[in-house]
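In this note's numbering, the protein residues as written are 4 to 240. Everything on this sheet refers to the single structure shown next.
Put into structure tokens, the structure is as follows:
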């Protein structure tokens with residue numbers, strides 16, 4: 004009876020050891036499976052992120068950009084060209100283009116909207132204006148039908164007066180989806196921002212060694228005007 008009991012105990016112990024070993028192997032296999040699944044999931048997430056980033060880049064490249072270019076600077080007067088560059092001829096319905104500048108350095112004096120554009124679009128209230136106090140040029144227009152796309156559309160020539168010798172930065176203000184600077188298209192009743200993110204600053208106007216002597220310039224222009232008037236009088240006589 005004593006022998007049977009010892010044998011029974013040994014059998015039970017052997018069975019328990021075998022079960023523990025088998026359970027350990029199952030747990031290791033399960034952990035390995037979970038690890039492999041996690042690694043696969045992480046790889047897929049990384050691939051998806053790369054695809055999304057690539058798609059966003061492609062979408063940005065296919066959008067419409069706004070451009071600021073220096074036309075000329077004479078005496079204290081600076082002329083800047085505002086235009087749209089639409090390489091992919093994307094159709095759009097409305098444009099907002101707010102320009103910001105430091106009113107201590109320059110002063111906006113005039114907005115000359117391109118004639119062809121002014122005849123084809125409607126300007127929003129108070130969005131063909133200059134806010135001198137806050138240093139803002141406000142331009143906003145739209146069309147009921149889509150604006151005919153072209154590779155380049157001139158919006159306006161903006162004239163500034165230099166007030167300082169310092170370098171001057173002009174920027175697109177609040178350029179974003181639904182912001183104060185945006186280009187919007189409407190497709191099947193759904194609005195979409197088509198603006199390519201502009202660089203900042205949009206335009207840098209270099210500093211000058213010294214400010215022009217406006218009194219001397221004024222006297223020179225008056226003298227030139229008098230000389231021209233004298234020549235015209237002599238010719239008519």
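The beta-carbon is built from N, C-alpha and C at its ideal position, and this holds for glycine as well.
For a cut-off of 8 Å, the C-beta gap from residue 142 to residue 135 is around 15 Å, too long to register as a contact.
For residue 156 against residue 89, the beta-carbon gap comes to about 7 Å, under 8 Å, which counts as contact. In this chain, the beta strand (DSSP E) harbouring residue 110 covers 109–116. Shortest Cα-Cα distance from residue 116 to any of 138, 205, 144, 107 involves 144. By the CB criterion at 8 Å, residue 170 and residue 210 fall inside the cutoff.
By the neighbour-count criterion, in which a residue is buried when 16 or more other Cβ atoms sit within 10 angstroms of its Cβ, residue 118 is exposed. Residue 38 sits in a helix when the DSSP states are folded into three classes. Between residue 101 and residue 140, the C-beta gap is smaller than 8 Å, which places the two residues in contact.
In this structure, the beta-carbon distance from residue 203 to residue 107 does not fall below 8 Å. Counting every other CB atom within 10 Å of its CB across the protein chains shown gives residue 96 a total of 16 or more, marking it as buried. Annotated as proximal: residue 149 and residue 94, with beta-carbon spacing under 8 Å. By the neighbour-count criterion, in which 16 or more other beta carbons inside 10 Å mark a residue as buried, residue 185 falls on the buried side. Straight through space, the alpha carbons of residue 41 and residue 158 are spaced by roughly 54 Å.
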